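Protein chains in written order, with my numbering: chain R, -4 to 216; chain G, 3 to 238.
Ideal placement from N, C-alpha and C gives every residue a C-beta, glycine not left out.
Keep in mind it's a predicted model, so treat the numbers as computed, not measured.
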Amino acid sequence: MKSESSRERIVRRAARELRDGFYVNLGIGMPTLVANHIPPGMTVILQSENGLLGIGPFPEEGNEDPDLINAGKQTITEIPGSVYFHSADSFAMIRGGHVDLTVLGGMEVDQEGNLANWMVPGKMVKGMGGAMDLVAGARRVVVMMTHTTKEGEPKILRKCRLPLTGLKVVHRIITDLAVIDVTAKGLVLKEVAPGITGSQVRSATEADLLIDEASLVTFSA
Amino acid sequence: MNKVISGAAEAVERIPEGSVILMGGFGLCGIPENLIAALRAKGTRNLTVVSNNAGVDDFGIGILLQSRQVRKMISTYVGENDIFERQCLSGELEVELVPQGTFAERLRAAGAGIPAFYTPTGVGTPVAEGKEVREFDGRRYLLERGLRGDFAFVKAWKGDRLGNLIYRKTARNFNPLMAAAATVTITEVEELVEPGALDPDAVATPGIYVDAIFQGRDYEKRIEQRTYRPKGGAGA
Chain R
-4 MKSESSRERI VRRAARELRD GFYVNLGIGM PTLVANHIPP GMTVILQSEN GLLGIGPFPE
56 EGNEDPDLIN AGKQTITEIP GSVYFHSADS FAMIRGGHVD LTVLGGMEVD QEGNLANWMV
116 PGKMVKGMGG AMDLVAGARR VVVMMTHTTK EGEPKILRKC RLPLTGLKVV HRIITDLAVI
176 DVTAKGLVLK EVAPGITGSQ VRSATEADLL IDEASLVTFS A
Chain G
3 MNKVISGAAE AVERIPEGSV ILMGGFGLCG IPENLIAALR AKGTRNLTVV SNNAGVDDFG
63 IGILLQSRQV RKMISTYVGE NDIFERQCLS GELEVELVPQ GTFAERLRAA GAGIPAFYTP
123 TGVGTPVAEG KEVREFDGRR YLLERGLRGD FAFVKAWKGD RLGNLIYRKT ARNFNPLMAA
183 AATVTITEVE ELVEPGALDP DAVATPGIYV DAIFQGRDYE KRIEQRTYRP KGGAGA
């Protein structure tokens, strides 16, 4: 099991991808928690693909509304200035390149920026939901995940082994160990977690990693 | 013109076995509860159901799976339903999984008389198998077909006798798209009103798409994931 602190570290680092004025879609699960760390004073509008721009905090008990949920089917609230629309409008926003950033979970990412996060052959396939549209349409795609599987196997690979969600779609990978960018030259290690070295990241990564020790920074947890 | 019918039982009378039925809703939000219950009571079989999700075991589309009335589901995500999983693994139930934006656009296209369209979603993935790929301006796209139904089950908040509909919050979701994409569209509303009572600027589904409408009853509006913040606290 991944510890609470590594999960928290990934979430906090992912929140630093937000910029004032961004329209952002956060994936189900761990990415949803990024909303708890929007820096004070920054305006970020969260999109929910089931038809809302302007997700607010979870409701207080007793104020939940069955007509107001997020894509994870959780009860939520709306912020002042929020707007509702149907699903084709919602995905026009996504596929038309109007969403500035999406943050999604991942099972595997490879050095070409391919992402696999929806099916494991031999296991029950539950569906891709909106993930394929988000990675194909959002202007920037950030994947947040633990650096390795529970068994310690690398998830950042030379080539994805699982069926893909999107082809050459990932811009940045944020893990409990590192921040890695997908570039035309390959994967570039940009940041390491506190107490982690470049060579530790390399040994936990199957893909080739370009490391410039001089420019490597440590991200705060 | 009279589109008003007595209720869900009358609506499902005319639905033959083997029909393709579009059903609005996202999770259990904005689902046609009355029509699903009536279809279960009538026992119409061999159905193809087009809906974003498959309900839960004992509510929503789940109750039609329980009674083995569904032969095929076309959906985007089906993870909340154990009966679905069992029938799917045993081969009893056929499933077509569609990316959600493609799913929405296939319905929109069908309703707008567009037989097919190109989308970047799914290129290079299992979704692309067997589909035409074409390049525009240096990027590859898949050809996807419009998705029509014989019937649509639509749930709206308020509707008038002419079939004009308004929705509430995220309960809108796929309902307006499905209303336009079926041969026969049947709508249940929480409140049936007289023409003129709805603000014409607020109508999300114009009545031209609606064939039959009735006042629904006994809405449960079940919540799948009750999520709260602490009293007085923040958090999303």
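Check: Do the CB positions of R:Gln42 and G:Thr229 come within less than 7 angstroms of each other?
Finding: Working through the first sequence from its first residue, we reach residue 42 of chain R at position 47. Working through the second sequence from its first residue, we reach residue 229 of chain G at position 227. Result no, Cβ atoms of R:Gln42 and G:Thr229 do not sit closer than 7 angstroms.
Margin query: Counting C-beta neighbours from all protein chains within 10 Å, is the total for G:Arg174 16 or more, i.e. buried, or is it exposed?
Written below: On the second sequence, position 172 is the one that residue 174 of chain G refers to. Residue environment for G:Arg174: buried (at least 16 other C-beta atoms within 10 angstroms of its C-beta).
Note to self: What does the alpha-carbon distance come out to for the pair R:Thr97 and R:Val19?
What the structure shows: In the first sequence, residue 97 of chain R corresponds to position 102, counting from 1. In the first sequence, residue 19 of chain R corresponds to position 24, counting from 1. Looking at the two C-alpha atoms, the distance is approximately 6 angstroms.
Check: Straight-line CA distance for G:Pro128 to G:Thr50?
Finding: Here residue 128 of chain G corresponds to residue number 126 of the second sequence, with the count starting at 1. Here residue 50 of chain G corresponds to residue number 48 of the second sequence, with the count starting at 1. About 22 angstroms.
Notebook entry, point to check: Between the segment 176 to 209 of chain G and chain R, which residues of the former have CB atoms less than 8 angstroms from a CB of the latter, in chain order?
Noted result: Those residues of the segment 176 to 209 of chain G placed with their C-beta closer than 8 angstroms to a C-beta in chain R are Phe176, Asn177, Pro178, Leu179 and Ala206, ordered along the chain.
Next item on the list: Starting from G:Ser21, find everything on chain R with Cβ-Cβ shorter than 7 angstroms and list it in chain order.
Entry: Taking the second sequence and counting its residues from 1, one reaches residue 21 of chain G at position 19. Under the 7 angstroms cutoff, chain R gives no residues; its nearest Cβ is about 22 angstroms from G:Ser21.
Note to self: Quick check: what's the CA-CA separation for R:Val136 versus G:Phe28?
What the structure shows: The sequence position of residue 136 of chain R within the first sequence is 141, counting from 1. The sequence position of residue 28 of chain G within the second sequence is 26, counting from 1. About 24 angstroms.
Item checked: alpha helix (DSSP H) runs contained entirely in the segment 205 to 236 of chain G, provided each spans 4 or more residues -> With a minimum length of 4 residues, there is no unbroken run of alpha helix (DSSP H) contained wholly in the segment 205 to 236 of chain G.
Next item on the list: Give me the Cα-Cα distance between G:Ile23 and G:Asp152, rounded to the nearest whole angstrom.
Entry: Counted from its first residue, the second sequence places residue 23 of chain G at position 21. Counted from its first residue, the second sequence places residue 152 of chain G at position 150. Rounded to the nearest angstrom, the two C-alpha atoms are 6 angstroms apart.
Notebook entry, point to check: If we count Cβ pairs, one from each stretch, closer than 8 angstroms, do we get three or more for the segment 196 to 212 of chain G versus the segment 135 to 150 of chain G?
Noted result: Short answer: they don't touch.
Next item on the list: Take every Cβ of the segment 180 to 194 of chain G, pair it with every Cβ of the segment 18 to 36 of chain R, and state whether three or more of those distances are shorter than 8 angstroms.
Entry: Because the criterion of three Cβ pairs below 8 angstroms is not met, the segment 180 to 194 of chain G and the segment 18 to 36 of chain R do not touch.
Notebook entry, point to check: Taking all protein chains shown into account, do 16 or more other C-beta atoms lie within 10 angstroms of the C-beta of R:Pro34, making it buried, or fewer, making it exposed?
Noted result: Translated into the one-based positions of the first sequence, residue 34 of chain R becomes position 39. Answer is exposed; the Cβ neighbour count stays below 16.
Notebook entry, point to check: With a cut-off of 8 angstroms, do at least 3 Cβ pairs link the segment 104 to 117 of chain G to the segment 72 to 80 of chain R?
Noted result: The segment 104 to 117 of chain G vs the segment 72 to 80 of chain R: no contact.
Check: Buried or exposed: which applies to G:Pro178, given that a residue is buried once 16 or more other Cβ atoms fall within 10 Å of its Cβ?
Finding: The sequence position of residue 178 of chain G within the second sequence is 176, counting from 1. When all chains shown are included, G:Pro178 counts as buried.
Check: Given 8 angstroms as the limit, is there contact between the segment 79 to 95 of chain R and the segment 113 to 123 of chain R, that is, 3 or more CB pairs closer than that?
Finding: In short, these stretches do not touch, since the Cβ pair count stays below three.
Checklist line | Sequence ranges, alpha helix (DSSP H) only - wholly within the segment 100 to 156 of chain G, length at least 4 | finding: Segments of the alpha helix (DSSP H) lying fully in the segment 100 to 156 of chain G: 102 to 113.
Next item on the list: Name, please, each residue of chain G whose Cβ falls closer than 7 angstroms to the Cβ of R:Val120.
Entry: The residue you call residue 120 of chain R lines up with position 125 of the first sequence. What R:Val120 touches in chain G: Leu99.
Next item on the list: Note down the Cα distance separating R:Ile64 from R:His93, rounded to an integer number of angstroms.
Entry: On the first sequence, position 69 is the one that residue 64 of chain R refers to. On the first sequence, position 98 is the one that residue 93 of chain R refers to. Taken atom to atom, the span from the alpha-carbon of R:Ile64 to that of R:His93 is near 22 angstroms.
Margin query: Buried or exposed, going by whether 16 or more other CB atoms sit within 10 Å of the CB of R:Lys150?
Written below: For the purposes of this step, residue 150 of chain R is taken as the residue at position 155 of the first sequence. With 16 or more other Cβ atoms from the protein chains shown falling within 10 Å of its own Cβ, R:Lys150 counts as buried.
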